[in-house]
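See structure below.
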Amino acid sequence: MNIELQLCGLVMLAVFLVFIEREKKLNVKNRALFLRAFIVCIVCLVFDVLSIICIHEAVYDGFSPLITRMVCKAYIILLVTQGYCSFLYACLDIAIRHRYRIVRIFSLTVYFVGTALIIALPIDYYMDGRLVYSYGPATLCAYVMAAIYISIIFVFTLRNRSIMPHRRVIALFTWQGTWLVAAMVQFIFKDVLLISFASAFGMIILYSQLENPNEHIDRMTGLFTQNALSLYLNDRYKYSDSFAFYTARIKYLAPFTELDIRRNAVIRSARGFLALGKEPIFRIGDDMFCIVYDSSERAYKKLLEIKARADGVTDIPVEAKFIYFPDSRILSGTDEVFDFIHHYDDSPEDIVVCSEDLVQKIRNRKDIYNLIETALRDDRITVHYQPIYNIAEGRFTSAEALVRILKEDGTMVHPCDFIPVAEENGQIIRLGIRVFEKVCEFLATGEPQRLGIDYIEVNVSVAQFDHENPAGFVRNNIDAYKLDPGTINLEITETADNELLHLLLLNMEKLIKMGVSFSLDDFGTGRSNLDYFVNMPADNIKFDMTFTQGYFKNDRIKHVMKGMVSIVHDMKMKIVAEGVETKAQYDAMVKLGIDYIQGYYFSKPIPAQEFLDFLKSRRASA
Ligand code: C2E
Ligand code: MG
Ligand code: MG
0 MNIELQLCGL VMLAVFLVFI EREKKLNVKN RALFLRAFIV CIVCLVFDVL SIICIHEAVY
60 DGFSPLITRM VCKAYIILLV TQGYCSFLYA CLDIAIRHRY RIVRIFSLTV YFVGTALIIA
120 LPIDYYMDGR LVYSYGPATL CAYVMAAIYI SIIFVFTLRN RSIMPHRRVI ALFTWQGTWL
180 VAAMVQFIFK DVLLISFASA FGMIILYSQL ENPNEHIDRM TGLFTQNALS LYLNDRYKYS
240 DSFAFYTARI KYLAPFTELD IRRNAVIRSA RGFLALGKEP IFRIGDDMFC IVYDSSERAY
300 KKLLEIKARA DGVTDIPVEA KFIYFPDSRI LSGTDEVFDF IHHYDDSPED IVVCSEDLVQ
360 KIRNRKDIYN LIETALRDDR ITVHYQPIYN IAEGRFTSAE ALVRILKEDG TMVHPCDFIP
420 VAEENGQIIR LGIRVFEKVC EFLATGEPQR LGIDYIEVNV SVAQFDHENP AGFVRNNIDA
480 YKLDPGTINL EITETADNEL LHLLLLNMEK LIKMGVSFSL DDFGTGRSNL DYFVNMPADN
540 IKFDMTFTQG YFKNDRIKHV MKGMVSIVHD MKMKIVAEGV ETKAQYDAMV KLGIDYIQGY
600 YFSKPIPAQE FLDFLKSRRA SA
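Residue numbering for the sequence shown follows numbering that gives the first Met the number 0, beginning at 0 and increasing consecutively.
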């Protein structure tokens, strides 16, 4: 009997079914649909074999033709069912929730109408040696339906390939290709019954490429991986109303923990979490876990349970830090969950509870991120200049370059609204480069120098020094724009990080040798201290606006400022007072012995051309 290929396919699927059954399962829709298609494929193969046996028996031994026809019909109905299940599985990724419902309704209707037709229409069979098949209107109907499903899957995959994971596209095409080749071979060589084997083979391709669970299992702990969490959350966001979850991070209490101790802690924690219950547990970072629950009550109870254990989650000296998400609906989806985790990962609190307020903050940061990205892309980063008055010379000899973002609607965004975010997410590097290039471009015109400007002060965040060869970057620009290095003054603020301080000093040294000068910004705020001020090879110290204005409000500040002026001068440095807004403040600063004045009293920060006009008019009236 011509059933060898089918039996091979059947054995292959049976072996894989055992593997699938034994593995750790992640309960996602994709997987459920795949399993259904897999099992239908097995049953279909069984009925393929059964139908051939029945036809053989009916033709040679007078077995009941009615039962034979029924078995043949059952086989072709299963073939169509398999097409239907595969169709749903293939479309799941592409169609978003409401569209998926439409796709389901459509395919289900086609399925029921087709099946009813197959049941109603006549079928017959034929056998001659190894040549065996069923034929008639019912069989024709089944082939037409299978062709409909296959071609829609093909067109769907082709049209949506850009929004599907590449791997999925390849797997789906290989699977359909295998099936089509088999159908053609069987059409030409009618005694080579390849289609069922090809279906089984296709299932194995899908399993190994798309549904292989080992890709989602962490080898060290046996828990699910971060990728699996992404998949799982995507699924739950798509299909569940709400759920709760928390992340737990192990914090080692000893400052340096050896690798095998850390390993031990991770493995023990994994066991601790596994003992909590049946919910899926994910290891989403070296020392971080996530557990997802159906209800917030259970999630919080389990979180407290783990927290209540004297030593956190393991029996080595660690404690656990939690981020608790009581209601998944607060967040828009998986991406936002990961943004949130990433952002609050280092929070000092033991438990961070995800609230609407905190999520809003994340969204604002994301908006700012996008604002900076589009501004960089569309060249909407502009630099304003605030003139700085030199008291000794009685004229403006420098200016501070201050960045602004010009929004698409023409409004301006001030740096305090985006610099802190850019410093945190690293955009400051590209932003700083753009500002520096603009300042160089401005200086390269020679206009400011002709109007008496000796140098421009450019703000540099310390993070910009944690970047490959910052001194080299400055040098390259100075060379490219053919500038005198003395026309550049870099304003820096304090860093708490020793490693960064070392880098900063190293680069400062190189730049000073080149002829670039430095100012220490924000003096008198929380961002400066004496130690810093003593060790920094700066030419200028900039008194922050709060400090300058404090002079008029607080006698103690007045004393400190008086003392500072003589200390700074003894150290051969100059002082810039920022935030001078009135004539009275200006006079007081002059009396105090300040060297440079910057503030609204003279001018706000203004665009480059306005700044040049300002200098011209001041020279004319002098
Ligand atoms: P900063 O470097 O201390 O700059 C001085 C700030 O004080 C500027 O605010 C300036 O407009 C403001 N200011 C000056 N005089 C007065 C005054 O008389 N009254 C008042 N109310 N304000 C005055 P701005 O331009 O909003 O910049 C804020 C901060 O953003 C800067 O403080 C600086 O730390 C940062 N920043 C600006 N541009 C850049 C840049 O290109 N790179 C980096 N890393 N930071 C920048
Ligand atoms: Mg500054
Ligand atoms: Mg300042």
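Ideal placement from N, C-alpha and C gives every residue a C-beta, glycine not left out. All values derive from a computational prediction rather than experimental measurement.
>> Shorter than 8 Å, the distance from the beta carbon of M287 to the closest heavy atom of ligand 3, or not?
In response: no
>> Can you tell me whether E456 sits near ligand 2, meaning its C-beta is under 8 Å from at least one heavy atom of the ligand?
In response: yes
> How about the stretch 487-496 and the stretch 454-467: do they share at least three Cβ pairs that are nearer than 8 Å?
Replying inline: The way I'd put it, the stretch 487-496 does touch the stretch 454-467; three or more beta-carbon pairs between them come closer than 8 Å.
> Quick one: does the C-beta of H383 sit closer than 8 Å to a heavy atom of ligand 1?
Replying inline: The answer is yes for H383.
> Which one of A374, C439 and N389 has the shortest CA to CA distance from D408?
Replying inline: A374
> Whose C-alpha, out of A115, G393 and C90, is nearest the C-alpha of R167?
Replying inline: C90
> Do the stretch 130-143 and the stretch 64-83 touch if we need at least three Cβ pairs shorter than 8 Å?
Replying inline: Put simply, the stretch 130-143 touches the stretch 64-83. At least three CB pairs are less than 8 Å apart.
>> Taking only three categories from DSSP, how would you classify L370?
In response: helix
> Can you give, in chain order, each stretch of the alpha helix (DSSP H) that sits fully within the stretch 180-237 and has at least 4 residues?
Replying inline: 194-209
> DSSP beta-bridge partners for I51?
Replying inline: According to DSSP, I51 bridges with nothing at all.
>> Ignoring anything shorter than 4 residues, give me the alpha helix (DSSP H) runs that lie fully in the stretch 327-386, in order along the chain.
In response: Fully enclosed alpha helix (DSSP H) runs of 4 or longer: 333-343 and 355-376.
> If you draw a straight line from the C-alpha of E296 to the C-alpha of L228, how long is it?
Replying inline: 21 Å
> Closer than 6 Å from C-beta to any heavy atom of ligand 3: which residues, in chain order?
Replying inline: D520, D521, K541, D543 and E577
>> Taking 9 Å as the threshold (beta carbon to beta carbon), is T114 in contact with chain D?
In response: The displayed structure is made up of one protein chain only, and chain D is not part of it.
> By Cβ distance, which residues of its chain are closer than 6 Å to D344, with the 5 residues on each side in sequence left out?
Replying inline: Nothing meets the Cβ criterion.
>> Would F33 and L209 qualify as a contact pair, given that the criterion is a beta-carbon distance under 9 Å?
In response: Yes, Cβ-Cβ distance for F33 and L209 is below 9 Å.
>> If distances are taken between C-alpha atoms only, which option among Q81, V109, D123 and L16 comes closest to I54?
In response: D123
> What are the start and end residues of the beta strand (DSSP E) that includes Y124?
Replying inline: D123 to D127
> If you compare alpha carbons, which of I511, M588, G514 and I203 is closest to K541?
Replying inline: M588
>> My output table needs one value for K615: the three-state DSSP class, helix, strand or coil.
In response: helix
> Which ranges does the alpha helix (DSSP H) cover as unbroken runs of at least 4 residues, wholly within the stretch 98-165, from first to last along the chain?
Replying inline: 136-158
> Three or more beta-carbon pairs under 8 Å between the stretch 106-126 and the stretch 75-87, yes or no?
Replying inline: yes
>> Quick check: what's the CA-CA separation for A243 versus K24?
In response: 20 Å
> What whole-angstrom Cβ distance do G332 and Y236 have, given they're in contact under 8 Å?
Replying inline: 5 Å
> Could you give the uninterrupted runs of the alpha helix (DSSP H) lying entirely in the stretch 455-521, keeping only those of 4 residues or more?
Replying inline: 469-479 and 497-513
>> I want to check one thing, is the minimum distance from the CB of V515 to the heavy atoms of ligand 1 below 8 Å?
In response: no
>> Using C-beta distances below 7 Å, list every residue in its chain close to L302, excluding the 5 sequence neighbours before and after it, in chain order.
In response: Y245, F321 and Y323
>> Under 8 Å: does the beta carbon of E490 sit that close to some heavy atom of ligand 2?
In response: yes
>> Can you list, in chain order, the residues of its chain with a C-beta nearer than 6 Å to that of G598? Leave out the 5 residues immediately preceding and following it.
In response: G578, V579 and E580
> Smallest Cα separation from F37: which of I66, I52 and L78?
Replying inline: Measuring from the Cα of F37, the nearest candidate turns out to be L78.
> Quick check: the stretch 214-224 against the stretch 180-189, are there 3 or more CB pairs under 8 Å?
Replying inline: no
> Could you give the residue range of the alpha helix (DSSP H) that holds T444?
Replying inline: Here T444 belongs to no alpha helix (DSSP H), and DSSP marks it neither H nor E.
> How big is the Cα-Cα spacing for L273 and C43?
Replying inline: 38 Å
>> Taking the alpha-carbon of A115 as reference, which of L130, I104 and I76 has the nearest alpha-carbon?
In response: I76
>> Can you tell me where the beta strand (DSSP E) holding A391 begins and where it ends?
In response: Unbroken run through A391: none, as it is neither H nor E.
> Heavy atom of ligand 2 less than 8 Å from the Cβ of E399, yes or no?
Replying inline: yes
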